[in-house]
Amino acid sequence: MNRFILNAITLILFSILFQPAHAQYLKSHEGYVDVKGGKVWYRVLGEGEQTPILIIHGGPGGTSRSMYLFSPLTQERPVILFDQLGGGRSTYHTDTALLKVPYFVSQVQAVTEALNLESVYILGHSWGTALALEYYLAHPEKVQALIFNSPYFSTPIWEADADTLIRKLSPDIQTAIYEAEASGDFNTPAYQYANKVFLSRYGLRTKRLVSELDTASYTGNSFIYNYMWGPTEFTATGTLKHYHRVDALEKIQVPTLFITGEYDEARPATVRYFQSLVPDADLIVIDGAGHGTMHDNREDNIKAIRIFLQNLKD
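In the working numbering, the protein residues as written are 2 to 315.
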(Lines of atoms letter the chains of each structure in order from A and count residues from 1; the text may use other names and numbers.)
(Lines give C-alpha, C1' and ligand atoms only; values in the text may rest on other atoms or scores of the structure.)
Protein backbone atom coordinates (compact mmCIF):
# COMPACT_ATOMS: atom_id res chain seq x y z
CA MET A 1 0.00 0.00 0.00
CA ASN A 2 1.20 3.50 -0.81
CA ARG A 3 2.94 4.97 2.27
CA PHE A 4 1.06 8.27 1.89
CA ILE A 5 -2.30 6.49 1.91
CA LEU A 6 -1.25 4.35 4.86
CA ASN A 7 -0.25 7.41 6.86
CA ALA A 8 -3.53 9.13 6.00
CA ILE A 9 -5.56 6.14 7.16
CA THR A 10 -3.53 5.99 10.36
CA LEU A 11 -4.23 9.66 11.09
CA ILE A 12 -7.94 9.21 10.47
CA LEU A 13 -8.14 6.20 12.77
CA PHE A 14 -6.15 8.03 15.45
CA SER A 15 -8.49 11.03 15.30
CA ILE A 16 -11.53 8.77 15.63
CA LEU A 17 -10.16 6.71 18.50
CA PHE A 18 -8.65 9.56 20.50
CA GLN A 19 -11.00 12.46 19.91
CA PRO A 20 -12.35 14.19 23.06
CA ALA A 21 -15.32 12.46 24.64
CA HIS A 22 -17.60 15.44 23.97
CA ALA A 23 -16.67 15.80 20.29
CA GLN A 24 -19.94 15.88 18.40
CA TYR A 25 -21.04 18.39 15.82
CA LEU A 26 -24.39 19.85 16.81
CA LYS A 27 -26.46 21.64 14.19
CA SER A 28 -29.07 24.31 14.80
CA HIS A 29 -32.50 22.73 14.92
CA GLU A 30 -35.50 22.16 17.15
CA GLY A 31 -37.64 19.18 17.98
CA TYR A 32 -39.54 17.20 20.58
CA VAL A 33 -38.59 14.45 22.99
CA ASP A 34 -41.07 11.92 24.35
CA VAL A 35 -41.24 11.83 28.15
CA LYS A 36 -43.73 10.49 30.62
CA GLY A 37 -46.81 12.67 30.30
CA GLY A 38 -46.15 14.15 26.87
CA LYS A 39 -43.48 15.81 24.76
CA VAL A 40 -40.70 18.20 25.73
CA TRP A 41 -39.71 20.83 23.18
CA TYR A 42 -36.05 21.74 22.70
CA ARG A 43 -34.02 23.99 20.45
CA VAL A 44 -30.32 24.01 19.58
CA LEU A 45 -28.98 27.50 18.87
CA GLY A 46 -25.69 27.82 17.04
CA GLU A 47 -23.61 24.87 15.99
CA GLY A 48 -20.21 23.27 16.40
CA GLU A 49 -18.42 20.58 18.35
CA GLN A 50 -17.40 22.65 21.37
CA THR A 51 -18.96 21.48 24.61
CA PRO A 52 -22.57 22.72 24.45
CA ILE A 53 -24.38 24.68 27.16
CA LEU A 54 -27.69 23.22 28.27
CA ILE A 55 -29.84 25.95 29.83
CA ILE A 56 -32.54 25.09 32.37
CA HIS A 57 -35.17 27.77 32.90
CA GLY A 58 -36.87 28.75 36.13
CA GLY A 59 -40.37 28.31 37.47
CA PRO A 60 -41.58 25.74 38.18
CA GLY A 61 -44.08 26.18 35.39
CA GLY A 62 -41.90 28.68 33.53
CA THR A 63 -40.59 28.70 29.97
CA SER A 64 -37.29 29.09 28.14
CA ARG A 65 -38.34 32.49 26.78
CA SER A 66 -35.87 34.56 28.83
CA MET A 67 -33.12 32.01 28.12
CA TYR A 68 -32.97 33.24 24.52
CA LEU A 69 -31.13 36.23 25.94
CA PHE A 70 -28.08 34.00 26.41
CA SER A 71 -27.90 33.45 22.64
CA PRO A 72 -24.66 35.51 22.24
CA LEU A 73 -22.89 32.50 23.76
CA THR A 74 -23.54 30.69 20.47
CA GLN A 75 -20.58 32.57 19.01
CA GLU A 76 -18.39 30.05 20.82
CA ARG A 77 -20.52 26.89 21.14
CA PRO A 78 -24.03 25.44 20.74
CA VAL A 79 -26.63 26.52 23.28
CA ILE A 80 -29.55 24.22 24.04
CA LEU A 81 -32.88 25.47 25.37
CA PHE A 82 -35.92 23.43 26.34
CA ASP A 83 -39.32 23.96 27.94
CA GLN A 84 -40.05 21.80 30.95
CA LEU A 85 -43.15 19.64 30.56
CA GLY A 86 -46.32 21.62 31.22
CA GLY A 87 -45.17 25.03 29.96
CA GLY A 88 -44.02 26.81 26.85
CA ARG A 89 -44.00 24.73 23.69
CA SER A 90 -43.95 21.44 25.58
CA THR A 91 -47.12 19.48 26.37
CA TYR A 92 -49.44 21.36 28.71
CA HIS A 93 -50.70 19.39 31.70
CA THR A 94 -52.08 19.68 35.23
CA ASP A 95 -51.26 16.13 36.32
CA THR A 96 -49.96 16.48 39.87
CA ALA A 97 -48.46 12.98 39.73
CA LEU A 98 -45.87 14.40 37.31
CA LEU A 99 -45.00 17.38 39.49
CA LYS A 100 -42.15 15.79 41.40
CA VAL A 101 -38.50 16.75 41.21
CA PRO A 102 -37.28 13.37 39.81
CA TYR A 103 -39.64 13.74 36.82
CA PHE A 104 -38.20 17.15 36.02
CA VAL A 105 -34.68 15.70 36.24
CA SER A 106 -35.70 12.92 33.87
CA GLN A 107 -36.71 15.57 31.32
CA VAL A 108 -33.19 16.99 31.40
CA GLN A 109 -31.86 13.49 30.85
CA ALA A 110 -34.29 12.90 27.98
CA VAL A 111 -33.01 15.98 26.15
CA THR A 112 -29.35 14.99 26.57
CA GLU A 113 -30.09 11.46 25.35
CA ALA A 114 -32.07 12.68 22.34
CA LEU A 115 -29.10 14.82 21.28
CA ASN A 116 -26.58 12.05 22.08
CA LEU A 117 -24.68 14.39 24.40
CA GLU A 118 -21.88 12.67 26.24
CA SER A 119 -21.10 15.78 28.30
CA VAL A 120 -22.39 19.31 28.73
CA TYR A 121 -22.01 22.53 30.62
CA ILE A 122 -25.24 23.32 32.47
CA LEU A 123 -26.57 26.79 33.17
CA GLY A 124 -29.60 26.94 35.43
CA HIS A 125 -31.60 30.00 36.44
CA SER A 126 -33.62 30.18 39.69
CA TRP A 127 -35.64 26.92 39.98
CA GLY A 128 -33.47 25.71 37.10
CA THR A 129 -30.42 25.76 39.38
CA ALA A 130 -32.09 23.19 41.64
CA LEU A 131 -32.66 20.96 38.60
CA ALA A 132 -29.08 21.54 37.45
CA LEU A 133 -27.82 20.40 40.85
CA GLU A 134 -30.18 17.41 40.92
CA TYR A 135 -29.13 16.36 37.42
CA TYR A 136 -25.46 16.66 38.35
CA LEU A 137 -25.97 14.51 41.44
CA ALA A 138 -27.71 11.85 39.33
CA HIS A 139 -25.31 12.00 36.37
CA PRO A 140 -22.01 13.59 37.46
CA GLU A 141 -20.15 11.97 34.58
CA LYS A 142 -22.24 13.97 32.09
CA VAL A 143 -21.51 17.45 33.47
CA GLN A 144 -18.23 19.28 32.88
CA ALA A 145 -19.18 22.54 34.60
CA LEU A 146 -22.09 24.22 36.37
CA ILE A 147 -23.39 27.77 36.27
CA PHE A 148 -25.91 28.65 38.96
CA ASN A 149 -27.59 31.93 37.95
CA SER A 150 -29.72 33.43 40.77
CA PRO A 151 -29.75 30.09 42.59
CA TYR A 152 -32.49 28.37 44.56
CA PHE A 153 -31.52 25.30 46.59
CA SER A 154 -33.68 25.64 49.69
CA THR A 155 -37.19 26.90 50.34
CA PRO A 156 -36.53 27.69 54.03
CA ILE A 157 -33.51 29.80 53.03
CA TRP A 158 -35.45 31.43 50.16
CA GLU A 159 -38.28 32.37 52.52
CA ALA A 160 -35.84 33.75 55.10
CA ASP A 161 -34.24 35.91 52.40
CA ALA A 162 -37.67 37.06 51.24
CA ASP A 163 -38.53 38.08 54.80
CA THR A 164 -35.32 40.10 54.94
CA LEU A 165 -36.21 41.87 51.70
CA ILE A 166 -39.83 42.47 52.71
CA ARG A 167 -38.66 44.25 55.85
CA LYS A 168 -37.03 46.83 53.58
CA LEU A 169 -40.40 47.73 52.05
CA SER A 170 -42.88 50.26 53.41
CA PRO A 171 -45.01 49.35 56.45
CA ASP A 172 -48.25 49.19 54.44
CA ILE A 173 -46.69 46.72 51.99
CA GLN A 174 -45.44 44.57 54.85
CA THR A 175 -48.86 44.62 56.49
CA ALA A 176 -50.60 43.53 53.29
CA ILE A 177 -48.26 40.57 52.96
CA TYR A 178 -48.49 39.47 56.58
CA GLU A 179 -52.29 39.75 56.65
CA ALA A 180 -52.67 37.67 53.48
CA GLU A 181 -50.31 35.00 54.75
CA ALA A 182 -52.20 34.86 58.05
CA SER A 183 -55.62 34.58 56.41
CA GLY A 184 -54.63 32.51 53.38
CA ASP A 185 -56.40 34.98 51.09
CA PHE A 186 -53.86 35.92 48.43
CA ASN A 187 -56.34 37.57 46.06
CA THR A 188 -56.74 40.88 47.87
CA PRO A 189 -55.80 44.01 45.92
CA ALA A 190 -53.37 44.96 48.70
CA TYR A 191 -51.48 41.67 48.46
CA GLN A 192 -51.39 41.77 44.66
CA TYR A 193 -50.03 45.32 44.80
CA ALA A 194 -47.42 44.24 47.36
CA ASN A 195 -46.35 41.51 44.95
CA LYS A 196 -45.85 44.05 42.15
CA VAL A 197 -43.74 46.24 44.43
CA PHE A 198 -41.62 43.30 45.56
CA LEU A 199 -40.98 42.16 41.98
CA SER A 200 -40.10 45.68 40.83
CA ARG A 201 -37.41 45.87 43.52
CA TYR A 202 -36.02 42.34 43.54
CA GLY A 203 -37.35 40.58 40.45
CA LEU A 204 -37.28 42.50 37.17
CA ARG A 205 -35.96 46.01 37.88
CA THR A 206 -35.89 47.37 34.34
CA LYS A 207 -37.85 46.23 31.29
CA ARG A 208 -38.31 42.72 29.96
CA LEU A 209 -36.14 42.20 26.90
CA VAL A 210 -37.37 40.26 23.89
CA SER A 211 -35.11 38.19 21.66
CA GLU A 212 -35.52 38.26 17.91
CA LEU A 213 -35.13 34.48 18.06
CA ASP A 214 -38.27 34.08 20.15
CA THR A 215 -40.92 34.05 17.44
CA ALA A 216 -43.56 31.67 18.86
CA SER A 217 -46.49 32.57 21.11
CA TYR A 218 -46.59 30.51 24.29
CA THR A 219 -46.97 30.92 28.03
CA GLY A 220 -46.00 29.37 31.33
CA ASN A 221 -48.19 27.21 33.54
CA SER A 222 -49.57 28.99 36.60
CA PHE A 223 -51.13 25.78 37.90
CA ILE A 224 -47.69 24.16 38.21
CA TYR A 225 -46.23 27.26 39.83
CA ASN A 226 -49.00 27.46 42.42
CA TYR A 227 -49.09 23.72 43.10
CA MET A 228 -45.34 23.33 43.56
CA TRP A 229 -44.40 26.78 44.84
CA GLY A 230 -47.21 29.16 45.80
CA PRO A 231 -48.99 32.43 44.95
CA THR A 232 -45.89 34.66 44.85
CA GLU A 233 -42.11 34.53 45.02
CA PHE A 234 -42.14 35.33 48.74
CA THR A 235 -44.97 33.01 49.82
CA ALA A 236 -44.29 29.27 49.50
CA THR A 237 -47.30 27.04 50.09
CA GLY A 238 -46.74 24.22 47.60
CA THR A 239 -45.04 20.85 47.45
CA LEU A 240 -41.58 22.46 47.47
CA LYS A 241 -42.29 23.99 50.88
CA HIS A 242 -39.66 21.84 52.59
CA TYR A 243 -37.24 21.41 49.68
CA HIS A 244 -33.64 21.75 50.92
CA ARG A 245 -30.56 20.53 49.04
CA VAL A 246 -27.85 22.91 50.25
CA ASP A 247 -25.90 20.09 51.89
CA ALA A 248 -25.44 18.50 48.46
CA LEU A 249 -23.37 21.44 47.18
CA GLU A 250 -20.24 20.04 48.82
CA LYS A 251 -20.50 17.02 46.48
CA ILE A 252 -19.81 19.14 43.40
CA GLN A 253 -16.45 18.33 41.83
CA VAL A 254 -16.58 20.31 38.59
CA PRO A 255 -15.83 23.99 37.91
CA THR A 256 -18.74 26.04 39.21
CA LEU A 257 -19.83 29.65 38.79
CA PHE A 258 -22.42 31.37 40.95
CA ILE A 259 -24.13 34.48 39.58
CA THR A 260 -26.62 36.74 41.31
CA GLY A 261 -27.93 40.26 40.93
CA GLU A 262 -27.03 43.13 43.21
CA TYR A 263 -30.71 43.34 44.27
CA ASP A 264 -31.61 39.73 43.55
CA GLU A 265 -34.14 37.88 45.68
CA ALA A 266 -31.41 35.23 45.64
CA ARG A 267 -29.51 37.54 47.96
CA PRO A 268 -25.76 38.02 47.36
CA ALA A 269 -24.98 37.19 51.00
CA THR A 270 -26.75 33.85 50.66
CA VAL A 271 -25.14 33.07 47.32
CA ARG A 272 -21.72 33.76 48.84
CA TYR A 273 -22.57 31.14 51.45
CA PHE A 274 -23.50 28.67 48.70
CA GLN A 275 -20.22 29.47 46.94
CA SER A 276 -18.26 28.68 50.12
CA LEU A 277 -19.62 25.13 50.06
CA VAL A 278 -18.25 24.33 46.59
CA PRO A 279 -14.46 23.97 46.32
CA ASP A 280 -12.85 26.68 44.16
CA ALA A 281 -16.20 28.03 42.98
CA ASP A 282 -16.43 31.53 41.50
CA LEU A 283 -19.01 34.23 42.25
CA ILE A 284 -20.09 37.24 40.21
CA VAL A 285 -22.62 39.83 41.40
CA ILE A 286 -24.30 41.61 38.49
CA ASP A 287 -24.52 45.37 39.06
CA GLY A 288 -27.98 46.89 39.20
CA ALA A 289 -29.77 43.62 38.56
CA GLY A 290 -32.59 41.87 40.34
CA HIS A 291 -33.59 38.25 39.78
CA GLY A 292 -33.90 38.86 36.05
CA THR A 293 -30.18 39.40 35.56
CA MET A 294 -30.35 38.61 31.85
CA HIS A 295 -32.88 41.45 31.43
CA ASP A 296 -31.56 44.00 33.91
CA ASN A 297 -27.90 43.77 32.87
CA ARG A 298 -27.58 41.36 29.97
CA GLU A 299 -24.12 42.55 28.95
CA ASP A 300 -22.49 41.84 32.32
CA ASN A 301 -24.40 38.56 32.69
CA ILE A 302 -23.03 37.29 29.38
CA LYS A 303 -19.56 38.62 30.14
CA ALA A 304 -19.41 36.75 33.46
CA ILE A 305 -20.33 33.47 31.79
CA ARG A 306 -17.89 33.99 28.92
CA ILE A 307 -14.95 34.66 31.23
CA PHE A 308 -15.78 31.54 33.24
CA LEU A 309 -16.03 29.37 30.10
CA GLN A 310 -12.77 30.70 28.68
CA ASN A 311 -10.94 29.23 31.64
CA LEU A 312 -12.33 25.75 31.04
CA LYS A 313 -10.84 23.04 28.89
CA ASP A 314 -13.19 22.01 26.10
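Even glycine gets a Cβ: it sits at the ideal position worked out from N, Cα and C.
Computed from a prediction, not measured in an experiment: that's the story for all the values here.
Enumerate, from N- to C-terminal direction, the unbroken alpha helix (DSSP H) stretches of 4 or more residues contained entirely within the segment 259 to 296.
Counting only runs of 4 or more, we get 269 to 277.
For E300, name the three-state secondary structure that DSSP assigns.
Here the question's residue 300 lines up with position 299 in the sequence shown. Three-state DSSP puts E300 in a helix.
Provide the residue span of the alpha helix (DSSP H) that contains W159, from first to last.
Within the sequence shown, numbered from 1, the residue matching residue 159 stands at position 158. Start and end: T156 to I167.
For Y219, does the three-state DSSP call read helix, strand or coil?
Translated into the one-based positions of the sequence shown, residue 219 becomes position 218. In this structure, Y219 counts as coil in the three-state DSSP scheme.
Are there three or more Cβ pairs, one per stretch, closer than 8 Å when the segment 30 to 45 is compared with the segment 87 to 94?
Touching, yes, given that three or more Cβ pairs across the two stretches are closer than 8 Å.
Are the Cβ atoms of S120 and K143 separated by less than 8 Å?
On the sequence shown, position 119 is the one that residue 120 refers to. On the sequence shown, position 142 is the one that residue 143 refers to. Their beta carbons are under 8 Å apart, which means S120 touches K143 by this criterion.
If you draw a straight line from the alpha carbon of Y122 to that of E180, how long is it in whole angstroms?
Here residue 122 refers to the residue found at position 121 of the sequence shown. Here residue 180 refers to the residue found at position 179 of the sequence shown. Going from the Cα of Y122 to the Cα of E180 covers about 43 Å.
Check whether the Cβ atoms of L313 and F275 lie closer than 8 Å to each other.
Sequence index remark: in the sequence shown, residue 313 carries index 312 (1-based). Sequence index remark: in the sequence shown, residue 275 carries index 274 (1-based). Cβ distance not < 8 Å, so L313 and F275 don't count as in contact.
Answer yes or no: do V41 and D84 have a C-beta to C-beta separation smaller than 8 Å?
Position 40 of the sequence shown, counted from the first residue, corresponds to residue 41. Position 83 of the sequence shown, counted from the first residue, corresponds to residue 84. Cβ distance < 8 Å, so V41 and D84 count as in contact.
If I measure Cβ to Cβ from Y264 and keep anything under 8 Å in the same chain, skipping five residues before and after, which residues do I get?
Position 263 of the sequence shown, counting from 1, holds the residue named residue 264. Here the set comprises R202, Y203, R206, G289, A290 and G291.
Give a yes or no on whether the C-beta atoms belonging to H245 and S155 are separated by under 8 Å.
Your numbering for residue 245 matches position 244 in the sequence shown. Your numbering for residue 155 matches position 154 in the sequence shown. Yes, these two residues count as a Cβ contact at 8 Å.
Do the segment 55 to 71 and the segment 186 to 200 meet, that is, are 3 or more Cβ pairs less than 8 Å apart?
The answer is no - the segment 186 to 200 does not touch the segment 55 to 71, with fewer than three Cβ pairs under 8 Å.
What does the alpha-carbon distance come out to for the pair A191 and F105?
By one-based count along the sequence shown, residue 191 stands at place 190. By one-based count along the sequence shown, residue 105 stands at place 104. About 34 Å.
Taking all protein chains shown into account, do 16 or more other C-beta atoms lie within 10 angstroms of the C-beta of L214, making it buried, or fewer, making it exposed?
Within the sequence shown, numbered from 1, the residue matching residue 214 stands at position 213. L214 is exposed by the Cβ-count criterion.
I'd like to check one pair, F71 with I56: are the Cβ atoms closer than 8 Å?
Working through the sequence shown from its first residue, we reach residue 56 at position 55. Working through the sequence shown from its first residue, we reach residue 71 at position 70. It is a contact, given that the beta carbons lie within the stated cut-off.
Give the DSSP-derived three-state secondary structure of T257 in the structure shown.
Your numbering for residue 257 matches position 256 in the sequence shown. Three-state result, T257: strand.
Out of E182, R268 and T257, which one is the CA nearest neighbour of A305?
Locating residue 305 in the sequence shown gives position 304, counting from the first residue. Comparing Cα-Cα distances from A305 to each of E182, R268 and T257, the minimum goes to T257.
Helix, strand or coil: which one does DSSP assign to Q145?
Here residue 145 refers to the residue found at position 144 when the sequence shown is read from its first residue. Correct three-state label for Q145: strand.
Under 6 Å Cβ to Cβ from R162, same chain only, skipping five residues before and after it: list those, please.
To locate residue 162, count along the sequence shown from 1; it is residue 161. Note on residue identity: the sequence assigns Asp, not Arg, to residue 162. If we look at D162 and ignore the five residues flanking it on each side, its Cβ neighbours are R268 and T271.
By Cβ distance below 7 Å, which residues in the same chain neighbour H23 in space, the five residues on each side in sequence not counted?
In the sequence shown, counting from the first residue as 1, residue 23 sits at position 22. Because the pLDDT of H23 is 44, which lies under 50, any placement of that residue in the model is unreliable, and the question is left without a value.
Report the residue from E182, E135, Q25 and I308 whose alpha carbon sits nearest the alpha carbon of T236.
To locate residue 236, count along the sequence shown from 1; it is residue 235. The candidate whose alpha carbon is nearest that of T236 is E182.
According to DSSP, is T176 helix, strand or coil?
For the purposes of this step, residue 176 is identified with residue 175 of the sequence shown, where counting begins at 1. The answer is helix: DSSP assigns T176 an H, G or I state.
Determine the extent of the beta strand (DSSP E) in which W42 is found, giving its start and end residues.
Numbered from its first residue, the sequence shown carries residue 42 at position 41. Element bounds for W42: G39 to L46.
Return yes when the Cβ of M229 is within less than 8 Å of the Cβ of L100, no when it is not.
Translated into positions along the sequence shown, residue 100 becomes position 99. Translated into positions along the sequence shown, residue 229 becomes position 228. Contact: yes.
Find out if the Cβ-Cβ distance for the pair G129, I225 is shorter than 8 Å.
Locating residue 129 in the sequence shown gives position 128, where the first residue counts as 1. Locating residue 225 in the sequence shown gives position 224, where the first residue counts as 1. No. Outside cutoff.
Per DSSP, which residues does I56 bridge with? Please list them.
Stepping through the sequence shown from its first residue, residue 56 is reached at position 55. Answer by DSSP bridge pairing, in chain order: L124.
Leaving out five residues before and five after A177 in sequence, what residues of the same chain have Cβ atoms less than 8 Å from its Cβ?
Along the sequence shown, read from residue 1 onward, the residue named residue 177 stands at position 176. If we look at A177 and ignore the five residues flanking it on each side, its Cβ neighbours are T189, A191, Y192, Y194 and A195.
Measure the alpha-carbon distance for D301 versus I287 and round it to whole angstroms.
Counting from 1 along the sequence shown, the entry for residue 301 is found at position 300. Counting from 1 along the sequence shown, the entry for residue 287 is found at position 286. Going by the C-alpha atoms only, they are around 6 Å apart.
Ordered along the chain, which non-local residues of its own chain (more than five positions away) have a Cβ less than 6 Å from that of T75?
Taking the first residue of the sequence shown as 1, we reach residue 75 at position 74. For T75, where only same-chain residues beyond five positions count, the Cβ hits under 6 Å are L46 and G47.
Once you ignore the five residues that flank T233 on each side, which residues in its own chain have a CB closer than 6 Å to its CB?
Taking the first residue of the sequence shown as 1, we reach residue 233 at position 232. Taken in chain order, the residues that qualify are N196.
By Cβ distance below 7 Å, which residues in the same chain neighbour K242 in space, the five residues on each side in sequence not counted?
By 1-based counting over the sequence shown, the position of residue 242 is 241. Result list for K242: T156, in chain order.
Shortest alpha-carbon distance to Q110 belongs to which of P141, D315, T294 and S127?
Translated into the one-based positions of the sequence shown, residue 110 becomes position 109. The candidate whose alpha carbon is nearest that of Q110 is P141.
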